[in-house]
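Trainee: The sequence shown runs contiguously to residue 290 in my numbering. Quick one: the structure is below, questions incoming.
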Amino acid sequence: MEKTKGGTDLPIPKVATINDLSGLGKCSLTAAIPILSAMGVQACPLPTAALSNQTGFPSYACVDLSGHMEEFARQWMAQEVSFAGIYSGFLCSVEQVVLVERFIDAFARPGTIVLVDPVLGDDGRFYPLFDRRMQAALTGLVGRAQVITPNLTEARLLVGESPDPDTPAEGLEPIWELAQRLTQLGPTTVVITGVHWRDQILNLGYCAQDGQRFSAGTRRMGGGFSGTGDILASILCGGLVRGESAGQALQRAAGLLEASIAETCAEGTAPCEGIAFEHHLRLLWEEEVG
Numbered sequence: 001m002e003k004t005k006g007g008t009d010l011p012i013p014k015v016a017t018i019n020d021l022s023g024l025g026k027c028s029l030t031a032a033i034p035i036l037s038a039m040g041v042q043a044c045p046l047p048t049a050a051l052s053n054q055t056g057f058p059s060y061a062c063v064d065l066s067g068h069m070e071e072f073a074r075q076w077m078a079q080e081v082s083f084a085g086i087y088s089g090f091l092c093s094v095e096q097v098v099l100v101e102r103f104i105d106a107f108a109r110p111g112t113i114v115l116v117d118p119v120l121g122d123d124g125r126f127y128p129l130f131d132r133r134m135q136a137a138l139t140g141l142v143g144r145a146q147v148i149t150p151n152l153t154e155a156r157l158l159v160g161e162s163p164d165p166d167t168p169a170e171g172l173e174p175i176w177e178l179a180q181r182l183t184q185l186g187p188t189t190v191v192i193t194g195v196h197w198r199d200q201i202l203n204l205g206y207c208a209q210d211g212q213r214f215s216a217g218t219r220r221m222g223g224g225f226s227g228t229g230d231i232l233a234s235i236l237c238g239g240l241v242r243g244e245s246a247g248q249a250l251q252r253a254a255g256l257l258e259a260s261i262a263e264t265c266a267e268g269t270a271p272c273e274g275i276a277f278e279h280h281l282r283l284l285w286e287e288e289v290g
């Protein structure tokens, strides 16, 4: 971590973290807060909903917090708070997308990192809450971001394609091209997450500023686990706010994910419970990344 000449830490940057709070499942805010904290970043949560557990469980209880989000933002405006980053994840509705757009317009300054994880669906289909109306709304929201982290289903939906979750038979080139097309919506950096390729799960990044491609992967282990996308997006956000490149932050995320998933598989934990990242947070402050 960077130090001042006197040896004390530099001021801790704040990230407005706009996501749901799920009591079980190690996702959304319960993943973002400890991860950003471990990286020396203050997560300032703006909850979109409070859930008993994430929606992959057989049942859940949910309280929609749309009616409170604007008042929270007004209070932060009154305190003249400044954010180094704005990071949005799960949004309940089109109305919440509009609230996040207003938040970005109000709080983003030159140099603010705006990262949008455009939560729409997975495995070739929309999540049950969402439809084409949400697709259109999130397509607009990503235009306000510098960085986006869709999975392959979401990436294809955002460009108006069929949400096929499979890697093309001809290889990864069409996915790299898809990432490049997504930058035409507005973001500078696109990371397409969770791409299945041979014995790996790859995360493929493209930066429009310099045309650079970068990637990081983990071994395929177990099934799909709750919260892995949130963990990756949180580490990417924290790394960018702390001055790392997107490629460096992605490597750091892959290291933590692989170690955590290996432990989770060894324990036989149910995928809906999330992964055992707590024992591996040290990887977020170690100096060297792959």
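Ideal Cβ placement from N, Cα and C applies to all residues, glycine included.
I need the straight-line Cα distance from Ala-276 to Asp-20, nearest angstrom please.
Mentor: Counted from its first residue, the sequence shown places residue 276 at position 276. Counted from its first residue, the sequence shown places residue 20 at position 20. Distance between the alpha carbons of Ala-276 and Asp-20 is about 20 Å.
Trainee: May I ask which residues mark the beginning and end of the beta strand (DSSP E) holding Val-81?
Mentor: In the sequence shown, the residue the question calls residue 81 occupies position 81. Looking at the DSSP string, Val-81 is not in any beta strand (DSSP E), and its letter there is neither H nor E.
Trainee: Does Gln-184 come out as helix, strand or coil in the three-state DSSP assignment?
Mentor: Position 184 of the sequence shown, counted from the start, is the residue given in the question as residue 184. Reduced to three states, the DSSP call for Gln-184 is coil.
Trainee: CB Pro-34 to CB Leu-256, shorter than 8 Å?
Mentor: Indexing the sequence shown from 1 puts residue 34 at position 34. Indexing the sequence shown from 1 puts residue 256 at position 256. Taking 8 Å as the Cβ cut-off, Pro-34 and Leu-256 do not qualify as a contacting pair.
Trainee: Look up Ser-245 in the DSSP assignment and say whether it is helix, strand or coil.
Mentor: As a first step, residue 245 must be located in the sequence shown, where it is residue number 245. Reduced to three states, the DSSP call for Ser-245 is coil.
Trainee: Counting beta carbon pairs with one atom in the segment 200-211 and one in the segment 239-258, are three or more of them shorter than 8 Å?
Mentor: They touch, by the three-pair rule.
Trainee: Going by DSSP in three states, Val-159 sits in which element: helix, strand or coil?
Mentor: Position 159 of the sequence shown, counting from 1, holds the residue named residue 159. Coil.
Trainee: Within the segment 47-79, note down every full alpha helix (DSSP H) run reaching 4 residues or more, in order along the chain.
Mentor: If we require 4 residues or more, the alpha helix (DSSP H) runs fully inside the segment 47-79 come out as 66-78.
Trainee: Using only alpha-carbon positions, find the residue among Ala-145, Pro-187, Met-221, Pro-11 that is nearest to Ile-86.
Mentor: For the purposes of this step, residue 86 is taken as the residue at position 86 of the sequence shown. It is Ala-145.
Trainee: How about Asp-117 and Gly-25: are their beta carbons less than 8 Å apart?
Mentor: Counting from 1 along the sequence shown, the entry for residue 117 is found at position 117. Counting from 1 along the sequence shown, the entry for residue 25 is found at position 25. No.
Trainee: Counting beta carbon pairs with one atom in the segment 132-144 and one in the segment 165-181, are three or more of them shorter than 8 Å?
Mentor: Touching, no, given that fewer than three Cβ pairs across the two stretches are closer than 8 Å.
Trainee: Would you mind sorting Ile-231 into buried or exposed? The rule is 16 or more other CB atoms within 10 Å of its CB.
Mentor: Sequence index remark: in the sequence shown, residue 231 carries index 231 (1-based). With 16 or more Cβ atoms within 10 Å of its Cβ, Ile-231 is classed as buried.
Trainee: Over what stretch of residues does the alpha helix (DSSP H) that includes Arg-133 continue unbroken?
Mentor: Reading the sequence shown from its first residue, position 133 is the one you call residue 133. Looking at the DSSP string, the run of the alpha helix (DSSP H) that includes Arg-133 is 132-142.
Trainee: What are the boundary residues of the beta strand (DSSP E) that includes Ser-22?
Mentor: Stepping through the sequence shown from its first residue, residue 22 is reached at position 22. Its beta strand (DSSP E) spans residues 14-22.
Trainee: In terms of alpha-carbon separation, which member of Val-191, Ser-215, Thr-189 lies closest to Gln-200?
Mentor: The residue you call residue 200 lines up with position 200 of the sequence shown. Of the listed residues, the one whose Cα sits closest to Gln-200 is Ser-215.
Trainee: Just the C-alpha distance for Gly-111 and Phe-83, rounded to the nearest angstrom, thanks.
Mentor: Residue numbering aside, residue 111 sits at position 111 when the sequence shown is read from its first letter. Residue numbering aside, residue 83 sits at position 83 when the sequence shown is read from its first letter. Straight-line Cα distance between these residues: approximately 10 Å.
Trainee: How many Å lie between Ile-113 and Arg-242 at the Cα?
Mentor: For this step, residue 113 is matched to residue 113 along the sequence shown. For this step, residue 242 is matched to residue 242 along the sequence shown. Taking the straight line joining both Cα atoms gives about 10 Å.
Trainee: Can you tell me whether DSSP reads Thr-189 as helix, strand or coil?
Mentor: Position 189 of the sequence shown, counted from the first residue, corresponds to residue 189. The answer is strand: DSSP assigns Thr-189 an E or B state.
Trainee: Near Glu-273, which residues of its chain fall below 6 Å by C-beta distance, leaving aside the five closest residues on each side in sequence?
Mentor: Walking along the sequence shown from the start, residue 273 turns up at place 273. Around Glu-273: no qualifying Cβ.
Trainee: Please name the residue, chosen from Leu-157, Phe-90, Leu-46, Ser-162, that lies closest to Gln-75 on a Cα-to-Cα basis.
Mentor: As a working note, residue 75 is residue 75 in the sequence shown. Checking every option, the nearest Cα to that of Gln-75 belongs to Leu-46.
Trainee: Taking C-beta to C-beta, are Ala-43 and Asp-64 nearer than 8 Å?
Mentor: In the sequence shown, counting from the first residue as 1, residue 43 sits at position 43. In the sequence shown, counting from the first residue as 1, residue 64 sits at position 64. For Ala-43 and Asp-64, no; Cβs fall outside 8 Å.
Trainee: Residues in the same chain with beta-carbon distance under 7 Å from Ser-234, minus the five sequence neighbours each way, listed in chain order, please.
Mentor: Stepping through the sequence shown from its first residue, residue 234 is reached at position 234. Correct list, in chain order: Ala-31, Ala-32, Ile-35, Leu-36.
Trainee: Using a Cβ-Cβ cut-off of 8 Å (strictly less than) and excluding sequence neighbours within five positions of Gly-211, which residues of its own chain qualify?
Mentor: For the purposes of this step, residue 211 is identified with residue 211 of the sequence shown, where counting begins at 1. Correct list: empty, nothing qualifies.
Trainee: Could you give the C-beta distance for Cys-27 and Gln-54, rounded to a whole number, given that I count them as a contact under 8 Å?
Mentor: Translated into the one-based positions of the sequence shown, residue 27 becomes position 27. Translated into the one-based positions of the sequence shown, residue 54 becomes position 54. About 5 Å; that satisfies the 8 Å criterion.
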